[in-house]
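Student:
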Amino acid sequence: TALAVACTVDTFMSMVGMVVVLEKFLNDLVEMSTYQAEHPDEPVSYLEPSLVIFLGIFAVPMVYRTSAMLLTLLDGYYTQVCAAGLASVVFEKALALPAGSAPEKELTEAE
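Written as structure tokens, this is what we have:
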């Protein structure tokens, strides 16, 4: 389940995450511009766009990179588990064979 979650987060962040943050930032700028045009005497708060920029520049890429690293680690772990299982099966089969097993040669009349 951890592999599926990491894969989902990695895919979402690589394809959709930055687009969503950029869309939110641009919408905030349009809303601020509209509010400032409608209310010229009132001050405009830059807190929300600043937080969106912070999330867009730092948080979203860091979550993407963290999930990509986690996905790579989990993939390597499960690959190693599968390879160890296959090697164990081959080893058990090899132990079941007699020590000097080789196909017998047919004796010819000259021998």
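Letter by letter, the sequence shown follows residues 54 to 164 in this note's numbering. Glycine included, each C-beta is placed from N, C-alpha and C at the ideal position.
DSSP on L150, reduced to helix/strand/coil?
Tutor: coil
Student: For a test of the three-state rule: what should DSSP assign to E159, helix, strand or coil?
Tutor: coil
Student: Give the secondary structure of A61 by DSSP, where H, G and I count as helix, E and B as strand, and everything else as coil.
Tutor: Position check: residue 61 holds Thr in this sequence, whereas Ala was assumed. It is helical.
Student: Check whether the stretch 115 to 130 and the stretch 58 to 75 are in contact - that is, three or more C-beta pairs closer than 8 Å.
Tutor: These segments touch.
Student: If you reduce the DSSP assignment to three classes, tell me which class D94 lands in.
Tutor: Of the three classes helix, strand and coil, the one that applies to D94 here is coil, per DSSP.
Student: Between the stretch 73 to 91 and the stretch 103 to 113, can you find at least three pairs of beta-carbon atoms closer than 8 Å?
Tutor: yes
Student: Is the beta carbon of L56 less than 9 Å from the beta carbon of L127?
Tutor: yes
Student: If I follow the unbroken alpha helix (DSSP H) through A106, where does it start and stop?
Tutor: Ala is not the amino acid found at residue 106; the sequence shown has Ile there. Here the alpha helix (DSSP H) through I106 covers 100 to 107.
Student: Rounded to the nearest angstrom, how far is the Cβ of L124 from that of A59, given a contact under 8 Å?
Tutor: The beta-carbon distance between L124 and A59, rounded to whole angstroms, is 4 Å. This is short enough to meet the 8 Å contact definition.
Student: Is the CB-CB distance between A121 and S86 below 9 Å?
Tutor: At the C-beta level, A121 and S86 stay beyond 9 Å of one another.
Student: Just how far apart, CA to CA, sit Y88 and F111?
Tutor: 28 Å
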